[in-house]
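Undergrad: Before we start, here is the structure in question, set down as C-alpha cells.
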Amino acid sequence: MAFKANPDGSIAYLYANTDPLVWVEKLGTPQRFKDIGEHHHPYEEYVNGLPQLGVVQSKADGTFGAEEPLTRAEFVEQVMTWI
C-alpha cells in the first residue's frame with residue numbers, strides 16, 4: 001500500500017497492490033470535525049483523514065465524539081471497514 005500526501009499532510013492518493021488486483025482512488029478533501037478542530041486535538045490531522053478512507057463518518061451534528069466511549073463492536077466495525 002502506498003499513498004501521496006498533500007502539503008497539509010492530508011492524503012491525496014491511496015494505492016494498494018494485491019495480486020492480481022490493483023486499486024487506485026483519488027481521495028477528496030478531508031472532513032473537519034467540529035469537536036476535534038476547536039480543541040486542537042493532538043491527533044487532529046489523523047482523525048480528520050478517517051472519513052477520506054471510509055473508516056468513520058461524522059455524527060449528525062458534525063462532530064467525531066473523541067471524548068465519548070467506543071464499544072468493542074463499534075471498534076471492530078471501523079477496523080473491518082478499513083480492511
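Take 1 as the starting number for the sequence shown in UniProt numbering and just add one per residue. From the three backbone atoms N, C-alpha and C, an ideal C-beta is built for every residue, glycine too.
With a threshold of 8 Å, are at least 3 pairs of Cβ atoms found where one atom belongs to the region 28-44 and the other to the region 71-80?
TA: No contact exists between the region 28-44 and the region 71-80.
Undergrad: Taking the continuous alpha helix (DSSP H) assigned at K34, which residues delimit it?
TA: As a working note, residue 34 is residue 34 in the sequence shown. Note, K34: alpha helix (DSSP H), K34 to E38.
Undergrad: Please list, in chain order, all residues of the same chain as V47 whose beta carbon is under 8 Å from its beta carbon, the five residues on each side excluded.
TA: Taking the first residue of the sequence shown as 1, we reach residue 47 at position 47. F33, I36, H41, F64 and A66, listed in sequence order.
Undergrad: State the DSSP-derived secondary structure class of V56, mapped to helix, strand or coil.
TA: Here residue 56 refers to the residue found at position 56 of the sequence shown. Looking at V56 - three-state DSSP - the assignment turns out to be coil, as it is neither helix nor strand.
Undergrad: Is the beta carbon of S58 sitting closer than 8 Å to the one on Q31?
TA: Locating residue 58 in the sequence shown gives position 58, where the first residue counts as 1. Locating residue 31 in the sequence shown gives position 31, where the first residue counts as 1. Yes, Cβ-Cβ distance for S58 and Q31 is below 8 Å.
Undergrad: Looking at the secondary structure, which residues open and close the alpha helix (DSSP H) in which T81 lies?
TA: Mapped onto the sequence shown, residue 81 falls at position 81. It spans R72 to W82 - the alpha helix (DSSP H) in which T81 sits, taken as one unbroken run.
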